[in-house]
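Engineer: Okay, handing you the structure first.
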Amino acid sequence: MGSSREYESEKTMIKPVGMSIAGLDTGNGAGGETDLRVFEVLGIHGVFAITAITAQSTKGIKDITVVNPEFLKKQIETLLEDFKVEAVKIGMIYTKEQFQVVNELLNDYFLVADPVLYAKDGTPLIRDIEEYKKIILPKVKVITPNIIEASAISGVKIEKESDVVIVCKKLRDSYNIPYVIIKGGHSKGDYSFDYMCNDEGLYKIGYKRLQAKDTHGTGSVFATALTAEYIKIRDLKLAFRKARDFVQTSIEYGLNIGKGIGPVNVSVEIMKKSMKYEAVEEMRRFADFAENNDRFWILIPEVQSNLAHSIKPEYVRDLNDIATFRGRIIRRWDKKVIVGHPVVFGNPTHTARMLLSLILKGKDSTCLMNIRYDDKIVESFKRIGYETIEINRELEPAHGEGKTMQWIIEYVSSEYGGIPNVIYDKGTKGKEAMIRFWTKNMEEMIEALDNLLKML
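With our numbering, the residue at position 227 of the sequence shown is 222, and numbering never jumps.
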């Protein structure tokens, strides 16, 4: 008699392991629990030794309870006995006695130190800074201070790029640190530059400065992402760029939660990938509906149709967040409807551009389709409860290629004070009359078109 399981895999799932030694942020904006999330998102199994528990929220730190060094030692020993730790990120480590534990136990590990001297509200996060410099810094392979921290540790104030070179050299020479990374987020200017110096010299990368309020955890996230990327690729220069890209995206989608400085969004990349997968599946469902409804051909204009479908509107930034069919939705001579698979993102169709314009106007819209103009179709939309508006394409000003859909949305919004679900025009010279129909989600799109077709 065979096994009750049809298939039993002989493969085992293995992930590299990274360790965080840090405090616990009860607001989940930085600290060891955020380090674990960053590790997980980047494909690393994270383990965590707690140095302190903070009573913390987006408004700041109210209190700190420090873990005694004996228990910190027990945590680290327990983890190292069981896991093959590839690298260790050191965040908030509070007392001289804790420094000595790290010094004793982590001689042979790749250590990345994020010297969090102070929290965003000014609360000290390293009590014995001079001892930290003596005990911790000579042990690490990488240090990742921001400009303020680098100035405090080195004693040299950073005001210009030449000062960065001086501070890098001083930190490397004083503590024998192979890689010094100085983050420029606290500097001024339209661009933020981060610097890495090693035996090969100075390497910098720049990013357009984001006007973001919710930046809690930025430094911690960068150091953890750097550790994770190094574990995967063993190339610190490339890990530097990948970690900085990760942080930039996390800041761009920062979470506006709490009453103070919200945390950066470390999960955004996998969230968007998940949303795109869902969008593709919903586009396939729409394709099945269109191809199997024997009256769908009625809706298709001479120029054919396409459907645009976005991820959640609050996550949309450009056309790369909007799906369409690579080909069009076409009506054959025999009234058979064929959908031009596959589903792709970033395709600059009229429907995608118009949907993007809708979303950037603040509309809670994820689906838009162009439909053949017919008075009966417009009246049927009204009968099933949708508001309709006619626009005159003769009023469209001359502008560059690809601006028509944006103009339609801007015009309707300014002239009518709102953007109804059905916008139609009766065409102009060289332009076919058209209906554009948008909905909040795919369920509404399919249900509305199904009801519409039953009335035609």
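Backbone N, C-alpha and C fix where the C-beta goes; we use that ideal spot for every residue, glycine too.
List in chain order: all unbroken beta strand (DSSP E) runs of 3+ residues lying wholly within the segment 395 to 429.
Structural biologist: 417 to 420
Engineer: What residue does the beta strand (DSSP E) around Met364 start on, and which one ends it?
Structural biologist: 362 to 367
Engineer: So, under 8 Å CB-CB, Pro415 and Ser360 are touching, yes? Tell me the CB distance rounded to an integer number of Å.
Structural biologist: The pair is not a contact, with the Cβ atoms about 11 Å apart (cut-off 8 Å).
Engineer: Quick check: Ala47 and Ile16, are their CB atoms within less than 8 Å of each other?
Structural biologist: no
Engineer: Compute the Euclidean distance between the alpha carbons of Val216 and Pro119, then round it to the nearest angstrom.
Structural biologist: 19 Å
Engineer: DSSP on Met8, reduced to helix/strand/coil?
Structural biologist: coil
Engineer: Between which two residues does the beta strand (DSSP E) containing Asn193 stretch?
Structural biologist: 186 to 193
Engineer: Going by DSSP, which residues form a beta bridge with Phe43?
Structural biologist: Ser15
Engineer: Taking the alpha-carbon positions, what's the Ile9 to Leu447 distance?
Structural biologist: 52 Å
Engineer: To which residues does DSSP link Ser262 through a beta bridge?
Structural biologist: Its beta-bridge partners do not exist; DSSP assigns none.
Engineer: Just to confirm the assignment, what range does the alpha helix (DSSP H) spanning Ala303 have?
Structural biologist: It is not in any alpha helix (DSSP H) - Ala303 instead sits in the beta strand (DSSP E) that spans 302 to 305.
Engineer: Taking 8 Å as the cut-off, decide whether the C-beta atoms of Met191 and Tyr174 are in contact.
Structural biologist: yes
Engineer: Spatial neighbours of Ser262 within its chain, please: C-beta separation below 8 Å, excluding the five flanking residues on both sides.
Structural biologist: Arg32, Val36
Engineer: Flag this pair as yes or no: are the beta carbons of Val137 and Gly212 separated by less than 8 Å?
Structural biologist: no
Engineer: Can you tell me which residues form a DSSP beta bridge with Pro64?
Structural biologist: According to DSSP, which records beta bridges pairwise, Pro64 is partnered with nothing at all.
Engineer: Which stretch, first to last residue, makes up the beta strand (DSSP E) that contains Glu309?
Structural biologist: Segment: none, Glu309 is in no beta strand (DSSP E) and carries neither H nor E.
Engineer: Mark Glu144 as exposed unless 16 or more other C-beta atoms lie within 10 angstroms of its C-beta, in which case mark it buried.
Structural biologist: buried
Engineer: Looking only at C-alpha atoms, which of Tyr89, Val275, Asn102 sits nearest to Leu19?
Structural biologist: Tyr89
Engineer: If you follow the beta strand (DSSP E) that Ile325 is part of, which residue opens it and which one closes it?
Structural biologist: 324 to 326
Engineer: State the CB to CB distance for the pair Ala108 and Gly13, rounded to an integer number of angstroms; the pair is presumed to be in contact (CB under 8 Å).
Structural biologist: Between Gly13 and Ala108 the Cβ distance is about 14 Å, and since that is not below 8 Å, they are no contact.
Engineer: Measure the alpha-carbon distance for Ile441 versus Cys362 and round it to whole angstroms.
Structural biologist: Cα-Cα distance, rounded: 10 Å.
Engineer: Can you check whether the CB of Lys134 is closer than 8 Å to the CB of Leu100?
Structural biologist: no
Engineer: For Lys178, write down the residues that DSSP places opposite it in a beta bridge.
Structural biologist: Asn141
Engineer: Could you pull the start and end residues of the alpha helix (DSSP H) that Gly201 belongs to?
Structural biologist: Unbroken run through Gly201 is the beta strand (DSSP E), 196 to 203; no alpha helix (DSSP H).
Engineer: Under 8 Å, Cβ to Cβ, is there at least one residue of chain D near Arg431?
Structural biologist: No chain D appears in this structure, which consists of one protein chain only.
Engineer: Is Tyr89 helix, strand or coil by DSSP?
Structural biologist: coil
Engineer: Would you kindly work out how many angstroms separate the C-alpha atoms of Thr346 and Leu294, rounded to a whole number?
Structural biologist: 15 Å
Engineer: Do Phe432 and Met364 count as a contact pair if the criterion is CB distance below 8 Å?
Structural biologist: yes
Engineer: With a 10 Å radius around its C-beta and 16 neighbouring C-beta atoms as the bar for buried, classify Pro64 as buried or exposed.
Structural biologist: buried
Engineer: Apart from the five residues on each side of it in sequence, which residues of its chain come closer than 7 Å, Cβ to Cβ, to Ile124?
Structural biologist: Leu112
Engineer: Please go through the same chain and pick out, in chain order, the residues whose beta-carbon is closer than 7 Å to the beta-carbon of Leu67, but skip the five residues on each side of it.
Structural biologist: Closer than 7 Å at Cβ, skipping near neighbours: Ala44, Thr46, Gln93, Val96.
Engineer: Does DSSP put Gln51 in a helix, a strand or coil?
Structural biologist: In this structure, Gln51 counts as strand in the three-state DSSP scheme.
Engineer: Buried or exposed: Met450, going by 16 or more other Cβ atoms within 10 Å of its Cβ?
Structural biologist: Burial is judged here by how many other beta carbons sit within 10 angstroms of a residue's own beta carbon; Met450 has fewer than 16 and is exposed.
Engineer: At the level of alpha carbons, what is the spacing between Gln299 and Lys371?
Structural biologist: 19 Å
Engineer: Between which two residues does the beta strand (DSSP E) carrying Ile386 extend?
Structural biologist: Per DSSP, Ile386 belongs to the beta strand (DSSP E) from 383 to 386.
Engineer: So for Leu106, helix, strand or coil by DSSP?
Structural biologist: DSSP, read as helix, strand or coil, puts Leu106 in strand.
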